Each structure stands twice: as structure tokens, then as C-alpha cells.
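Here is the structure we will look at, set down as C-alpha cells.
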Amino acid sequence: MTKTRDSFHSRIGFVLAAAGSAIGLGNIWGFPTQAANNGGGAFLFVYLIVTILLALPALYAEIYIGNQAQKNPIGALKEACQDTSKRLGKYGGLVGMTGAVMMLSFYTIVAGWMFAHALSPLAELMGLMDISQWLSTSSIQRNLLFTPLFILLGAAIIHQGVNAGIEKWSARLMPLLIIMLIALIIYILGQPGAEKGLALYLIPDWSQVTNPKLIVAAMGQAFFSLSIGVGGMMVYGSYMEKGKDIGKLVISITALDTCIAFMAGLLIIPAIFVAQEAGIEVFKNNQLIGEGQLIFNILPQLFNAMGTAGLFVASAFFMLLSIAALTSTISSTEVPVAYLVEDKSFSRRKATWLVSLIVLIASMTLIAFFDSLFAVVIRVLTTIMQPLSCLFYFIVVGWLWKRGNKLRDVSLQKTNKLLRWWANYLRFVCPVLLSVVFVNVAILN
Ligand code: PFF
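FYI, in the working numbering the residues of the sequence shown are 351 to 795.
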């Protein structure tokens, strides 16, 4: 007997859920930090190029595989590779699934920080100064409380299922996030010092554009930001009705995600300079102080300058980040959950709790060995595993998958010129381009 798979009820449901996956801490915490540390405008320029030339096609390939196969990533890649070697497909899927768990292991920690920072101003408003201070100060105890709390919150949504849980939550939360971001940008741009940040962000230093370190950082950031290379988008693609024209959807998701990253830069980079103008030390030897802690160092100071209203703004802003993190966490968790439900006959509830437990153990390990593991896991995932998985998707779509792969068929036909051009781009250009960047990564690492 075949079970009916859960699915998105509408195209817009898919777009919202996929955009919810894409838009997260990568955009608002990762992108501005990377941009500020890698030359501002030059990073933005390279990021845009890499997004169009590589990340967008990779997103297309990933969603296409999931949508055609209508299976979880491991099942989908197994099916796509059946003419060559099912085992290869399975291992490819397993690498992605490992990436999803790695992503969750650090993402839930950072999301916990956001959540704590959202509650800190509220505690202050209630006069609970000690608690407020504790919430806004990094500590192992805070990680031990907020990381599990965040994992629980995600699990509670996921076990309701794709339609009831993911689609509804994404639809509710996304517009709120965009409105808050715009309001904060308007505020920041009116502050003294903001113009310096704006110039750094919008005027590229062209001599930096060919810097291999910058290119690799931009590529990792673009792949992470679009949630590609771990199966999250593949599983969402599989929940959409088979054979939908995914080209336009992929363009919308990429545009939305890139816009939010751009907007986050427009908020955070001027904010760095507004803080500097206010006498706070921000850079040392041209590097930002406290890198991953950037937004926690800079923004609370700014919010403080707004008086009591600032407490509400601070809470709203960090709540916004927690919400964005939640919708991204959901898609990553869905990768192993879908696998366990479909291929290992788990109930959705059991699968969700098992995966959450594994993520909890992984994140606790990161907390225990924070200094030696945290940054390394992020780097290995974004600059090695995600690009490698994307290379695999290009090769699968272009070369390994023969039966039922319309994209490959199209590339051999004379009809529909645009689609044929696109299929050939995915088959020939993308793998070569990605390999060239990847060789650079290997050299740099
Ligand atoms: N795209 C998310 C972000 O920018 O925060 C991170 C992410 C979500 C990566 C889901 C991978 C994934 F499967």
C-alpha cells in the first residue's frame, strides 16, 4: 500500500516555506558580518555574481530532483542515480543529511542567543536587571538553557506536519519579518555615521573582487543563504505537485533571499559605523572585533541610545531573528524526518523527536568544545560540504540521471530554445565553474 505524502497546498505555500528556509540567520547574522569583514561592496558584488551564476542554478537542480522524484532526498537521489549506481545516490543523500544535522548543531546555538537577546529587554522592562544582564551575556549556562529550548520549539512545529505546521507558520511569520527590517533600516540611516557604512557597503573596492578568499567566502555564504546542498530545498520541492514549472519559483526565492541579505547589510553595516561614531571600538587591524558576536556587540548599544523605546525595538529585532531562524531550522530538520518517515516507517512524531535528540546531542557537543569546534563546523559545512553536494546535484541532473529526467531530454532536443540553453548551462558550465572555485577552496584550506 502506498501512503499519501503530505504536501504544500499551493504554489504560494511552497514559495513561502522555501523562502522561510532560505531567509534566516545566514542573511541577517552571517551576510553582514562576512560583508563587513571582506571589503563591504566588493563582497556584495561577488556575492551577487556567485548567486546568479551558481547558487540559483544549484537551487534549481536541487528542487528539480526533489520535485521529479517526489521522495525524500536520499530516496530521490537514489532514484535519480538508478541507471548508474543507487548506492552513489544514497551516499550523496547521506552526505546532505549529515550536512543538515551539522547545520542544526550550530544554528540552534546561535538561534538560542537570539532568543535570549529578545527576552533580555523584556526582563529589563520588568525591572529584572540581573536576569536581563544574564540573558544578554554569553555563557555556557545560557547555551545550555536556550539551545534545547529552541530545538523543542522547532520540534513542536515540525511534528504537526508539512501542511499544518510549516506552510502556516511561514505564511504568518515572513511578512512580519520584512516589515520590521525595513523600519529598522529607516531608523539607522537617519543616524550620524551611517553614511560611512553606506559608502563601504555600496561602493566596491574593485581590487578586492578577484581575491580568492573573498570569492570562497561569498560562495559559501550564497549556498548557505539559499539553503542548498543539504537536501532542505529538495525535500520542499518533493512536497510540491510534480512537474510544476519551477524556474519562476526559484527566481522568486533567490530574489527574496538576496533582497533580505542586502537589506540586512543596509541595516548592520551602517549600524557599525553609527556605533563607531558614538565612540564604541568596532574594528581592530581592519577586522571586526568579536566577529560572530558582531550584532550582539553593536546593536544593543544602539538600541540603548533610543531610550525605553529601544527596549521594545531590541526585543522585536531579536525576536525577528529568532523567527527567521525557526523557519530555517524547520526545513533542515525535515530532511532526516522525511527520510525516517518514508524509508524507515517511523511515525512523524517519533521521527521528529529522534532527530531533535540527535541535534541536541550534536549541539551540546559543540557547546562543550566551542572554541575548537564551532567555527570549524561552519567552515567545513559551507565551504566544503555544501559546494560538493551542489556539484553532485549538477552531475546527477546533467549526466547520471537518464530515465525520467526531462531536463536532460530537453538538452538533446531542438524545441524550446531557452530551456535547452538552461539545461546545457546546468550540464556543462555549472560543474566546471563550481569545480574551479572548489579547487581554490582546497588550496586555501
Ligand atoms: N538559509 C538559512 C539561512 O540563511 O539562515 C540556513 C539554512 C537553512 C541552511 C536550511 C540550510 C538549510 F537546509
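All residues carry an ideal CB built from backbone N, CA and C; glycine is no exception. Computed from a predicted structure; not experimentally measured.
Work out the CA separation of residue j and residue i for me, nearest whole Å.
{"i": "I793", "j": "G579", "result": "21 Å"}
{"i": "T683", "j": "A430", "result": "23 Å"}
{"i": "G581", "j": "L366", "result": "17 Å"}
{"i": "A426", "j": "L394", "result": "34 Å"}
{"i": "A655", "j": "I553", "result": "28 Å"}
{"i": "G390", "j": "L454", "result": "28 Å"}
{"i": "G547", "j": "S678", "result": "28 Å"}
{"i": "P686", "j": "V709", "result": "11 Å"}
{"i": "T797", "j": "E692", "result": "Since the first residue of the chain shown is 351 and the last is 795, residue 797 is not available in this structure."}
{"i": "Q432", "j": "A408", "result": "21 Å"}
{"i": "I481", "j": "Q651", "result": "18 Å"}
{"i": "I532", "j": "I596", "result": "29 Å"}
{"i": "N388", "j": "S575", "result": "17 Å"}
{"i": "P423", "j": "T448", "result": "12 Å"}
{"i": "G569", "j": "P382", "result": "Reading the sequence as shown, one finds Met at residue 569 and not Gly. Approximately 14 Å between the Cα atoms of the pair."}
{"i": "L485", "j": "Q626", "result": "24 Å"}
{"i": "S371", "j": "G540", "result": "31 Å"}
{"i": "A611", "j": "S489", "result": "28 Å"}
{"i": "K428", "j": "Q418", "result": "12 Å"}
{"i": "A666", "j": "S697", "result": "36 Å"}
{"i": "W772", "j": "N647", "result": "44 Å"}
{"i": "A369", "j": "Y589", "result": "15 Å"}
{"i": "R770", "j": "G593", "result": "17 Å"}
{"i": "S360", "j": "E591", "result": "9 Å"}
{"i": "G374", "j": "L523", "result": "12 Å"}
{"i": "N766", "j": "I630", "result": "58 Å"}
{"i": "M452", "j": "L784", "result": "22 Å"}
Taking the beta carbon of residue i as the centre, do at least 16 other beta carbons fall within 10 Å, making it buried, or is it exposed?
{"i": "E412", "result": "buried"}
{"i": "E545", "result": "exposed"}
{"i": "R758", "result": "buried"}
{"i": "P446", "result": "In the sequence on display, residue 446 carries Gly and not Pro. The residue is buried, with at least 16 neighbouring Cβ atoms inside 10 Å."}
{"i": "V747", "result": "buried"}
{"i": "N755", "result": "buried"}
{"i": "I584", "result": "Checking the sequence, you will find Met at residue 584 rather than Ile. Classification of M584: buried, given that the 10 Å Cβ count is 16 or more."}
{"i": "D607", "result": "buried"}
{"i": "W556", "result": "exposed"}
{"i": "T732", "result": "buried"}
{"i": "I402", "result": "exposed"}
{"i": "K694", "result": "exposed"}
{"i": "H467", "result": "buried"}
{"i": "G768", "result": "For the record, residue 768 in the displayed sequence is Leu; it is not Gly. Answer is exposed; the Cβ neighbour count stays below 16."}
{"i": "G363", "result": "buried"}
{"i": "Q643", "result": "exposed"}
{"i": "M613", "result": "buried"}
{"i": "I711", "result": "exposed"}
{"i": "S796", "result": "Outside the shown range of the chain (351 to 795) lies residue 796, about which nothing can therefore be said."}
{"i": "L475", "result": "exposed"}
{"i": "P781", "result": "buried"}
Bridge partners for residue i per DSSP, in chain order?
{"i": "L638", "result": "F633"}
Return no unless some Cβ of chain C is closer than 8 Å to the Cβ of residue i.
{"i": "V566", "result": "As a matter of chain content, chain C is missing from the structure shown, which is built from one protein chain."}
*Check whether the region 597-607 touches the region 551-567, taking contact to mean three or more Cβ pairs, one atom from each stretch, closer than 8 Å.*
no
*Decide yes or no for the touch test of the region 367-382 against the region 603-620: beta carbon pairs closer than 8 Å, at least 3 of them.*
yes
*Segment contact flag, the region 711-723 with the region 477-497, C-beta cutoff 8 Å, min 3 pairs*: yes
*asked:* Across the region 455-470 and the region 737-744, are there enough close Cβ pairs to call them in contact, namely three or more that are closer than 8 Å?
replied: no
*Chain-ordered residues, beta carbon under 6 Å from a heavy atom of the ligand PFF*: S371, A372, G374, L375, G376, N377, A450, M453, F574, S575, S577, V580, G582, S678, S681, S682
*Report yes or no: do the region 503-512 and the region 703-715 share at least 3 C-beta pairs separated by less than 8 Å?*
yes
*asked:* Counting beta carbon pairs with one atom in the region 633-642 and one in the region 656-671, are three or more of them shorter than 8 Å?
replied: no
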